[in-house]
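Novice: Sharing a structure with you now.
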Amino acid sequence: MDLVKFQQFQSAVDATFWADLGDLKLESLRLSEDALDWRPRLLPTQHSQTPGAILSAPQSLPPPGAPSDPSGLVLRGTLLPLNTLANLKLASSRQRAVELEISRLKRAAASEEALDDPNVLVGCALVVYCDLKSCTYHSWHAFPALLPAAPFALLGPTRSVEEWCGGGEGGAGPEGEARAEGEALSEREALSEKEPRPDLVSLSTACLERLRGPALAWFLAVEPASGQVSALSFREGMERLGAGQGENLTLACADCGGGERHPGWQLRSLLFFVHARLPRVREVRALCLRMRRGGLDAQHSIVLRVGLDGVAARGSGEGTGGDHRDEKGTAGEERGLERVERGVASIPALQEPFSPSFLDAWPKWVSGWEPTAQGKLAPRRVDLSSSMDPSRLAESAVELNLRLMRWRALPELDLEAIRAARCLLLGAGTLGCAVARTLLGWGVRDVTFVDSGAVSYSNPVRQSLYTLRDCAGGGQPKAEAAARALAEIHPGARAQGVRLSIPMPGHVFSDAQRGAARADAQALSDLMNAHDVVFLLTDTRESRWLPTLLGAAAARPLLVINAALGFDAYLVMRHGAAVEDEARDE
11 MDLVKFQQFQ
21 SAVDATFWAD
31 LGDLKLESLR
41 LSEDALDWRP
51 RLLPTQHSQT
61 PGAILSAPQS
71 LPPPGAPSDP
81 SGLVLRGTLL
91 PLNTLANLKL
101 ASSRQRAVEL
111 EISRLKRAAA
121 SEEALDDPNV
131 LVGCALVVYC
141 DLKSCTYHSW
151 HAFPALLPAA
161 PFALLGPTRS
171 VEEWCGGGEG
181 GAGPEGEARA
191 EGEALSEREA
201 LSEKEPRPDL
211 VSLSTACLER
221 LRGPALAWFL
231 AVEPASGQVS
241 ALSFREGMER
251 LGAGQGENLT
261 LACADCGGGE
271 RHPGWQLRSL
281 LFFVHARLPR
291 VREVRALCLR
301 MRRGGLDAQH
311 SIVLRVGLDG
321 VAARGSGEGT
331 GGDHRDEKGT
341 AGEERGLERV
351 ERGVASIPAL
361 QEPFSPSFLD
371 AWPKWVSGWE
381 PTAQGKLAPR
391 RVDLSSSMDP
401 SRLAESAVEL
411 NLRLMRWRAL
421 PELDLEAIRA
431 ARCLLLGAGT
441 LGCAVARTLL
451 GWGVRDVTFV
461 DSGAVSYSNP
471 VRQSLYTLRD
481 CAGGGQPKAE
491 AAARALAEIH
501 PGARAQGVRL
511 SIPMPGHVFS
521 DAQRGAARAD
531 AQALSDLMNA
541 HDVVFLLTDT
551 RESRWLPTLL
561 GAAAARPLLV
571 INAALGFDAY
581 LVMRHGAAVE
591 DEARDE
C-alpha cells in the first residue's frame, strides 16, 4: 500500500505585520529573545492551481492572554524574535523554536481544548531577525508535526468529491494507474464499495456553513438512505468514533493544497490526534476541502481513506513518514526532516484509555522547515526600506489624500502642476506659517521663506511653526526657524530661509545704507525670478509695494498673491501673471 503524502504549507506575510513586529521589538521586546504567541491564519485554497497559505497579518501578534479571533481560521504558533542575523543562522536557534512548538503540540494533543478547538493541533514556528535600521526582515517558517510510530497508509485511490458523491472510483495518479494494471484490492479497499454516497448539494451546504466558523476541522455524518449530510463538531465526531460509530463519518478539514491529489499539511496533525486518542480506530475517511469563487470546488477537493494502524509501507518512504518533499522542496523525501529523540530505544505503544501524560515523552516528529522559492533550505529576506521609511510613508500618505480628493471631488485638479510649483513666501509671521503648512498639505515641496525678524516670545502662540525654544537667546531668525520646522513636519519638504530686509517707500536711507538697500532689492528680484508663485504676507502695505512692482515687471509670467489680512483689513489679490486674451474676452 502507498503512503499518504502531504503537501507542506506555504507562508505569506502581510507587509504591515513586519511594521508591527518592528515596533514591538523596538518598544517592548528590545533585546529579549523570548518566544512570542504567534497566531497566523490559514487561508484555504481558492483556485485549483494556486495553493492556500499560512498568513501573518497585524492581528497575528495579539497581546498576552488575548482570545483568538473568531472571524477566521486562526492557528497557534511560536515566534522567536532574534537580535542578530548570525543567531538566525545558528542551528541551535532554529532547533529551539521547533522544540518549543513541539512541546506546545504535545500539550495541545493531550488537552481537552483540542476537542473544542482543533486549530491548536497544527504546528507553526517562525524565527525572525528585524533589521530596523535598513527595514529588512529575515525569517524562516517551520511547520512541525508529531509523527505516528508507522507511516499513515493510503487505502484505495484518492478521489475527488465529484467522484465520491457520484460513486466513481477515481483512480487518478500513480495509485489508480497501478490498480488499473491489475493490482488486487485488499479487504479494506473492498469495503469502500459499501460506504454511503453523500448528496453533493447537501455536502456543499454543510461544509460551507462550517467554513464560516473558526474551526478548521469537523466531522460529517452521511445518512445512508438519502445521502443527506450533517456537520458534527470535532468533539462530537471524536466521541462517535470512540464509540465505534464511525462507518458513516468523515473527517473534514479546510485544505491549503494545490492542484495535486495530496492532502494539505494540517491533515497530518489531525490524523495523529485521532490515532493517539483512539488507538482502536484503524482507519479514517478524510475530506480535504478546497474552495473556488466562494463555493466548494468539488472537482479538486479530495477524499481519501487512511490507515492509522501501521500498515507496512513500500519503497523509500518507509523511514520518513510520507513527507512529500526532497532537498529542493519538489517531490520525493527530504532528508533530515524527521527527528527521533536521542536516547529513546523504541517508540512506546499507544495507550487506551488515553493518558494526558503519555505524549510528554513522544520522540518522533517532523520539523517541516519551509524551503525558499528556489527550493533551498534557507531563510528568506524581505526588504521594505522603500515602503517603510518614515519619510516615504509620509510622502505616500499625503499623496494618497490628494489623489482621493481628485478622484472623488475634483477630477480636473492638476496635482503635478501644484507639486512642481516653487513658492516664495515674503513674511514668516502668522500668515506665512499658515500658508506654508497649507501648501504642504496640497503637495507643494519647494518653499522659501524671506523675513528679516527674529522669533519673539509673543510669536509661538499665534505662529504655528515656532516653539518656545526658538525665542531663547534673543530669538532665532524667523526665516531659518520656519524652514527647519517645515522640514520636521514633513521630511519631503525642500524648505529654506533667507534673512532679507525688503526696501520700503517712505523710509529714508543714509548714504551708507543705500548700497545695502540696492543689494536687498536685487536679491529680492533674483528670488522672485527663481520662483513660480510669490505670496506677499508681510504686515505692512509699504513692505508689499516693491514686490508688487517686481512681480509686474518680471521677465516671465509670475503669479503674485497679495494677502493683507489683519484686524482692520481683509484683502487677497492675485496679480502678476497675464490672463489669456480668450479668457479676458469671455
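Counting in our numbering, the sequence shown runs from 11 upward without gaps.
Where a beta carbon is used, it is the ideal one built from N, C-alpha and C, also for glycine.
1. Flag this pair as touching only if the region 533-549 and the region 410-420 have three or more C-beta atom pairs under 8 Å; answer yes or no.
2. Cutting at 6 Å between CB atoms, please list the residues of its own chain near tryptophan 275, excluding the five before and the five after it.
3. Classify arginine 169 as helix, strand or coil using the three-state DSSP reduction.
4. Taking all protein chains shown into account, decide if tyrosine 639 is buried (16 or more other Cβ within 10 angstroms of its Cβ) or exposed.
5. Please report the residue range of the beta strand (DSSP E) in which serine 149 lies.
6. My guess is that leucine 85 and arginine 114 are in contact by the Cβ rule of under 8 Å, so how many angstroms apart are they, rounded?
7. For the pair the region 52-71 and the region 23-31, tell me if three or more CB-CB distances fall below 8 Å.
8. Checking the sheet assignment: what are the DSSP bridge partners for threonine 458?
9. Starting from the C-beta of serine 401, find all residues in its chain whose C-beta is less than 8 Å away, skip the five residues before and the five after it, and write them out in chain order.
10. Which residues in the same chain have their Cβ closer than 6 Å to the Cβ of leucine 251, if we skip the five residues on either side of it in sequence?
11. Going by alpha carbons, who is nearest to leucine 136 out of Arg271, Arg295, Asp47?
12. Going by DSSP, which residues form a beta bridge with valine 313?
13. Out of Pro234, Ala497, Thr260, which one is the CA nearest neighbour of cysteine 298?
14. How should valine 392 be labelled, buried or exposed, when 16 other C-beta atoms within 10 angstroms of its C-beta is the threshold for buried?
15. Between which two residues does the beta strand (DSSP E) carrying cysteine 263 extend?
16. Can you give me the start and stop residues for the beta strand (DSSP E) that cysteine 140 sits inside?
17. In whole angstroms, what separates the C-alpha of proline 234 from that of arginine 207?
18. Three-state secondary structure (DSSP) at serine 279?
19. Just to check my reading of the structure: cysteine 433 and alanine 492 have Cβ atoms closer than 8 Å, yes? What is that Cβ distance to the nearest angstrom?
20. Classify glycine 267 as buried or exposed, calling it buried when 16 or more other Cβ atoms lie within 10 Å of its own Cβ.
21. Using 8 Å as the threshold, is the C-beta distance between arginine 509 and glutamate 490 below it?
22. Who are the near neighbours of threonine 477 in its chain, counting only those whose CB is closer than 7 Å to its CB and skipping five residues on each side?
23. Please name the residue in Pro161, Val582, Leu89 whose C-alpha comes closest to that of glycine 133.
24. Beta-carbon separation of proline 487 and serine 149 under 8 Å?
25. Buried or exposed for glycine 453, please, with buried defined as at least 16 other CB atoms from any protein chain shown within 10 angstroms of its CB.
26. Verify the contact flag: aspartate 319, CB atom, against every heavy atom of the ligand NAD, threshold strictly below 7 Å.
27. Return helix, strand or coil for methionine 514, following the three-state DSSP convention.
28. What residue does the beta strand (DSSP E) around serine 240 start on, and which one ends it?
29. By Cβ distance, which residues of its chain are closer than 7 Å to proline 128, with the 5 residues on each side in sequence left out?
30. Buried or exposed for proline 567, going by 16 or more other Cβ atoms inside 10 Å?
31. Quick check on valine 14: buried or exposed, where buried means 16 or more other Cβ atoms within 10 Å of its Cβ?
32. DSSP has tryptophan 4 in a bridge; who is on the other side?
33. What number of angstroms, rounded off, separates the C-alpha of asparagine 93 from the C-alpha of serine 42?
Specialist: According to the structure data:
1. no
2. What you label residue 275 is simply residue 265 of the sequence shown in a count that begins at 1. Cβ within range, chain order: Phe16, Gln18, Phe19, Phe153.
3. For the purposes of this step, residue 169 is taken as the residue at position 159 of the sequence shown. Strand.
4. Since the first residue shown for the chain is 11 and the last is 596, residue 639 is missing from the structure and cannot be characterised.
5. Mapped onto the sequence shown, residue 149 falls at position 139. 146-152 is the extent of the beta strand (DSSP E) around serine 149.
6. Walking along the sequence shown from the start, residue 85 turns up at place 75. Walking along the sequence shown from the start, residue 114 turns up at place 104. Incorrect: roughly 11 Å between the Cβ atoms, too far for contact.
7. yes
8. Indexing the sequence shown from 1 puts residue 458 at position 448. Answer is Leu434, Gln506, bridged to threonine 458.
9. As a position in the sequence shown, residue 401 is number 391, starting the count at 1. For serine 401, where only same-chain residues beyond five positions count, the Cβ hits under 8 Å are Pro501, Gly502.
10. One-based indexing of the sequence shown puts residue 251 at position 241. Answer for leucine 251: Leu288, Val291, listed in chain order.
11. Working through the sequence shown from its first residue, we reach residue 136 at position 126. Cα-wise, what sits closest to leucine 136 is Asp47.
12. For this step, residue 313 is matched to residue 303 along the sequence shown. Valine 313 pairs with Arg169, Leu297.
13. Walking along the sequence shown from the start, residue 298 turns up at place 288. Of the listed residues, the one whose Cα sits closest to cysteine 298 is Thr260.
14. Position 382 of the sequence shown, counting from 1, holds the residue named residue 392. Result: exposed.
15. Here residue 263 refers to the residue found at position 253 of the sequence shown. Counting along the chain, the beta strand (DSSP E) containing cysteine 263 begins and ends at 259-264.
16. As a first step, residue 140 is located in the sequence shown; it is residue number 130 there, counting from the start. 135-141 is the span of the beta strand (DSSP E), which, as asked, contains cysteine 140.
17. Looking up residue 234 in the sequence shown gives position 224. Looking up residue 207 in the sequence shown gives position 197. Cα to Cα, proline 234 sits roughly 7 Å from arginine 207.
18. Taking the sequence shown and counting its residues from 1, one reaches residue 279 at position 269. Serine 279 falls in the helix class under three-state DSSP.
19. To locate residue 433, count along the sequence shown from 1; it is residue 423. To locate residue 492, count along the sequence shown from 1; it is residue 482. Actually they are not in contact, since the Cβ atoms of cysteine 433 and alanine 492 sit about 13 Å apart, beyond 8 Å.
20. As a first step, residue 267 is located in the sequence shown; it is residue number 257 there, counting from the start. The residue in question, glycine 267, is buried, as its Cβ has 16 or more Cβ neighbours within 10 Å.
21. Along the sequence shown, read from residue 1 onward, the residue named residue 509 stands at position 499. Along the sequence shown, read from residue 1 onward, the residue named residue 490 stands at position 480. In contact: arginine 509 and glutamate 490 (Cβ atoms closer than 8 Å).
22. Position 467 of the sequence shown, counting from 1, holds the residue named residue 477. Correct list, in chain order: Pro470.
23. Taking the sequence shown and counting its residues from 1, the one referred to as residue 133 is at position 123. Ranking Pro161, Val582, Leu89 by Cα distance to glycine 133 puts Leu89 first.
24. Reading the sequence shown from its first residue, position 477 is the one you call residue 487. Reading the sequence shown from its first residue, position 139 is the one you call residue 149. Going by C-beta atoms, proline 487 is not nearer than 8 Å to serine 149.
25. In the sequence shown, the residue the question calls residue 453 occupies position 443. It counts as buried.
26. For the ligand NAD, the structure offers nothing, since it holds no ligand at all.
27. Locating residue 514 in the sequence shown gives position 504, counting from the first residue. Coil at methionine 514, not helix or strand.
28. Taking the first residue of the sequence shown as 1, we reach residue 240 at position 230. First-last of the beta strand (DSSP E) with serine 240: 239-242.
29. What you label residue 128 is simply residue 118 of the sequence shown in a count that begins at 1. Result list for proline 128: Ala225, Leu226, Ala227, Phe244, Leu280, in chain order.
30. Position 557 of the sequence shown, counting from 1, holds the residue named residue 567. Result: exposed.
31. Translated into positions along the sequence shown, residue 14 becomes position 4. That one is buried.
32. Because the chain in this structure spans residues 11 to 596, residue 4 falls outside the shown range and cannot be described.
33. Locating residue 93 in the sequence shown gives position 83, counting from the first residue. Locating residue 42 in the sequence shown gives position 32, counting from the first residue. For asparagine 93 and serine 42, the distance between alpha carbons rounds to 8 Å.
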